[in-house]
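Residue numbers (my numbering), protein chains in the order written: chain A, 70 to 350; chain B, 70 to 350; chain C, 70 to 350.
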Amino acid sequence: MTRTIAILTDFGTRDAYVGVMKAVMLRIAPDTRFIDITHSIQPQNVRQGAFTLLTCHRYFAPGTIFLVVVDPGVGSVRKPLAALADDYYFIGPDNGVLSYAVAEYLDAQIVELSNPAYWLSAVSGTFHGRDIFAPCAAHLAAGVSLAELGIPYDNYQRLAPPLLEIAGRKIAGEVLHIDRFGNAVTSIGELRRAATDGLYLIPPFSKDQHRYPVQTFAPSVTVQVKGFSLPGIRHTYSEVAPGEPLALVGSSGYLEIAVNQGSAANQLDLTTGDSIILEIG
Amino acid sequence: MTRTIAILTDFGTRDAYVGVMKAVMLRIAPDTRFIDITHSIQPQNVRQGAFTLLTCHRYFAPGTIFLVVVDPGVGSVRKPLAALADDYYFIGPDNGVLSYAVAEYLDAQIVELSNPAYWLSAVSGTFHGRDIFAPCAAHLAAGVSLAELGIPYDNYQRLAPPLLEIAGRKIAGEVLHIDRFGNAVTSIGELRRAATDGLYLIPPFSKDQHRYPVQTFAPSVTVQVKGFSLPGIRHTYSEVAPGEPLALVGSSGYLEIAVNQGSAANQLDLTTGDSIILEIG
Amino acid sequence: MTRTIAILTDFGTRDAYVGVMKAVMLRIAPDTRFIDITHSIQPQNVRQGAFTLLTCHRYFAPGTIFLVVVDPGVGSVRKPLAALADDYYFIGPDNGVLSYAVAEYLDAQIVELSNPAYWLSAVSGTFHGRDIFAPCAAHLAAGVSLAELGIPYDNYQRLAPPLLEIAGRKIAGEVLHIDRFGNAVTSIGELRRAATDGLYLIPPFSKDQHRYPVQTFAPSVTVQVKGFSLPGIRHTYSEVAPGEPLALVGSSGYLEIAVNQGSAANQLDLTTGDSIILEIG
């Protein structure tokens, strides 16, 4: 069966790095399909890579192998890892880039890629994507088991979770990602109204759908960002006039700040890390 | 048989949007090949998407499915469409982005994607590419018929055609696209000399090769653009010295303004929409 | 068997040019896999294309067909070529873009693509990538032999090699490429210490591993670039503090100037062509 290796890096596409990783993998597992998630993670921005992997991976079929190389510490003591969780494989450095996705699963098995039999014969000090991660991904695709790749590894590095603080009727979050259209994806999930009382905040993509109850006295919601006050949470961009800003729950289940047919990042001067406050009632 | 889905969007490649659409499609039609046409249509520039689809689609094999997502009105009342024309399938929003290509065919069948059985089970208000268009494209690839996807749809939205006005010996057009090299692709087609009389303007890629007769009294042709006057229509860049501007019929059959080994867009300050006049005789 | 066509161009990804070449190839050889090496060679920078092909091609499996289109002289007298060397196929214009890679092999067979039976029926003056190079690559993938594509061609154009001058204990080179991370790849290869005497400079990727003996009286090495003096040759970025510059042998076997978790190009103001001096002892 053709296996899929989904690739997520900060390598860009102007050098041959991604092509070389694919070449290495095809020599090991010729019957493999590659899907490029993105190679435009900001250079060495581990957290952006972790967030992107978290939000996209569930759309892939079971059995998909995620090759994730955002690796500022390449060649240092940080370990190379592979994880198996809910029939997904994740491969990458132990710097937290896998941690948002792996933390979604209670029963993840993790190994250090300690078996050099599955690396390239010569390992450079600067390109483990080519020399260790890609070959191990390809060997998984060719049928090698996780246990053959290396020894169990428990204390993998976890990134601090994105800001999400609830105090009374205020929920504080942060801008996590600006997309191509200038939409600002935040760390605040979807609010749902329970049958019995108040509102619940649904953390997006959390496997157990843990709910944060939110006290509320009125149905109105306001989003505060960069001095702007946006009333209500919309469902589509076109609920406001072209050029107008709005808050809505985006396609990954996170609260987004957008401008209908425009760029919220430009118009509201938003950048990653900006504070956002959701006020209820 | 492996089916090809050719993808054309304004999603860029720095987010995971394109990868997620491919993931969704592979779950439905695992034996599918993807060809990326481009994801760098300017955000929400429907006309640029329509023109790109028009000029490239004929190079693809019969049976190709074109997934076209330039969709500023996502979530609003605009309908999602699929068309079958001359053994090509086109899928996208009813905002005109399919119209230049579909208008090439007299017998196109068009349906509204009204059957939710072929969508993802949850449809967002902001990403129909993932939730409706990609799944329907994949179901076509997996053998579902056009008629199963939805009900017939006749009055699809047509974009106004690019400017092409003929008055005596003057042909007026506009710059439609600036390519990576700074070549300016215009709306004016190829001139051919008939056996009997005068010149004919061949509208590029028009199926019926409708000809516009052009009165002419002399064999000379001049192209006027941004105050520059370019004599003659060349066949290759190297007919002028490096750094010199020229007019020639480009690879898609449109009159182009170029600079040999340079950028016409930079050197002649050209942008989309600029006026161009071709004077004959 | 599925053949791989690896594609290297200066076409960028914002136009449909690469997608159209793939469409043309799939019509001729439907069971073909494409790997994009990069399409971001600077427009018409033949030497950058040649260097990229040189450094990446050995990672691909035997039988790979390299389609290389950096072609400022398209439509002029320059010939279209195909070469077979050590079970790799190379296709591109005779302007030197293939020459760094082909020169690695003593027994390369080269033909001019002179047989129009393997071109598209209509050949434009501006896009031989689509009309000649891609179809010939696809016919090779479909089983056509090199000899069928055209007549033998001996005097192909060779680019001047990158600067590499050894004078006593000084080795002079140049910056050949700035990568996405701001690392500056130079023309100087790896130094190795022989068992018996002195140091040897190993020219990267040279098939016969020709060695340049370098006289040395002391084990110390210093790299001079843009007024900076970098002591020693490191193995990994993390051997210096974050933000500090260093010299190391990069993943392709060339001396690189880098900054740990930063951009050497920005911090040291490096560009292609900059001089670099390695002083020994």
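Beta carbons: idealized from backbone N, C-alpha and C, even for Gly. All figures in this text were calculated on a predicted structure; none of them were measured in a lab.
Within the stretch 105–138 of chain B, those residues whose Cβ lies closer than 7 Å to any Cβ of chain A are, in chain order, 112, 113. Secondary structure of residue 103 (chain C) (DSSP, three-state): strand. For residue 245 (chain A), the uninterrupted beta strand (DSSP E) run begins and ends at 239–247, by DSSP. For the stretch 210–238 of chain B, the full-length alpha helix (DSSP H) segments reaching 4 residues or more read 215–218 along the chain. The DSSP assignment places 290–294, 297–300, 314–318, 324–328 as complete runs of the beta strand (DSSP E) inside the stretch 284–328 of chain B, in order along the chain (cut-off: 3 residues). The DSSP-derived three-state label of residue 159 (chain B) is strand.
Contacts with chain B at 9 Å (Cβ-Cβ) include residue 84 (chain C). Following the DSSP letters along the chain, one finds residue 97 (chain C) inside the alpha helix (DSSP H) bounded by residues 86–97. By a beta-carbon distance limit of 8 Å, residue 117 (chain C) contacts residue 246 (chain C). Their separation comes to about 7 Å. For residue 120 (chain C), the enclosing alpha helix (DSSP H) starts and ends at 115–125. Contact of residue 80 (chain C) with chain B by beta-carbon distance below 8 Å involves 249.
In the three-state reduction of the DSSP assignment, residue 336 (chain A) falls in the helix class, which pools H, G and I. Residue 76 (chain A) and residue 171 (chain B) have their C-alpha atoms some 35 Å from each other. When C-beta atoms of the stretch 92–105 of chain C are compared with those of the stretch 117–127 of chain C, fewer than three pairs fall below 8 Å, so the two segments do not count as touching.
Here DSSP, grouped into helix, strand and coil, assigns residue 138 (chain B) to strand.
Contiguous beta strand (DSSP E) elements confined to the stretch 151–211 of chain A occur at 157–162, 178–181, taking only those with 3 or more residues. Excluding five sequence positions before and after residue 86 (chain C), the CB atoms of its chain that fall closer than 6 Å to its own CB belong to 80, given in chain order.
Our two residues, residue 183 (chain A) and residue 173 (chain A), have alpha carbons roughly 25 Å apart in a direct line. Spanning the alpha carbons of residue 217 (chain A) and residue 222 (chain B) requires a straight line of approximately 56 Å. Closest in C-alpha terms to residue 187 (chain C), from the list C:290, C:327, C:112, C:93, comes C:93. Residue 306 (chain C) reaches chain A at 141, 142, 143, 144, 145, 194, 195, counting residues in chain order whose Cβ is nearer than 9 Å. Three or more Cβ pairs drawn from the stretch 339–350 of chain B and the stretch 287–297 of chain B lie within less than 8 Å of each other, which places the two stretches in contact. Burial state of residue 168 (chain B) is buried, judged by a 10 Å Cβ sphere holding 16 or more other Cβ atoms. Chain-order list of chain C residues neighbouring residue 161 (chain B): empty, with the shortest C-beta distance near 16 Å, by a criterion of under 9 Å.
Contact between the stretch 128–138 of chain C and the stretch 147–160 of chain C is present: 3 or more CB-CB pairs across the two stretches fall below 8 Å. Going by beta carbons, residue 290 (chain B) and residue 260 (chain B) fall inside the 9 Å limit. For residue 255 (chain A), the uninterrupted beta strand (DSSP E) segment begins and ends at 253–255. Taking all protein chains in view, the Cβ of residue 327 (chain C) is crowded by 16 or more other Cβ atoms within 10 Å, so the residue is classified as buried. Nearest in C-alpha terms to residue 313 (chain B), of all of B:299, B:322, B:119, is B:299.
Beta-bridge analysis with DSSP links residue 346 (chain A) to A:241, A:293. One Cα belongs to residue 194 (chain C), the other to residue 130 (chain C), and the distance between them is close to 33 Å. A straight line joining the alpha-carbon of residue 83 (chain A) with that of residue 349 (chain A) spans about 46 Å.
Among the bridge pairs identified by DSSP, residue 75 (chain A) is matched with A:104, A:135. Chain A has a Cβ within less than 9 Å of the Cβ of residue 92 (chain B).
With a cutoff of 9 Å on beta-carbon distance, residue 149 (chain C) and residue 113 (chain C) are scored as not near each other. Per DSSP, residue 144 (chain B) has no beta-bridge partner at all.
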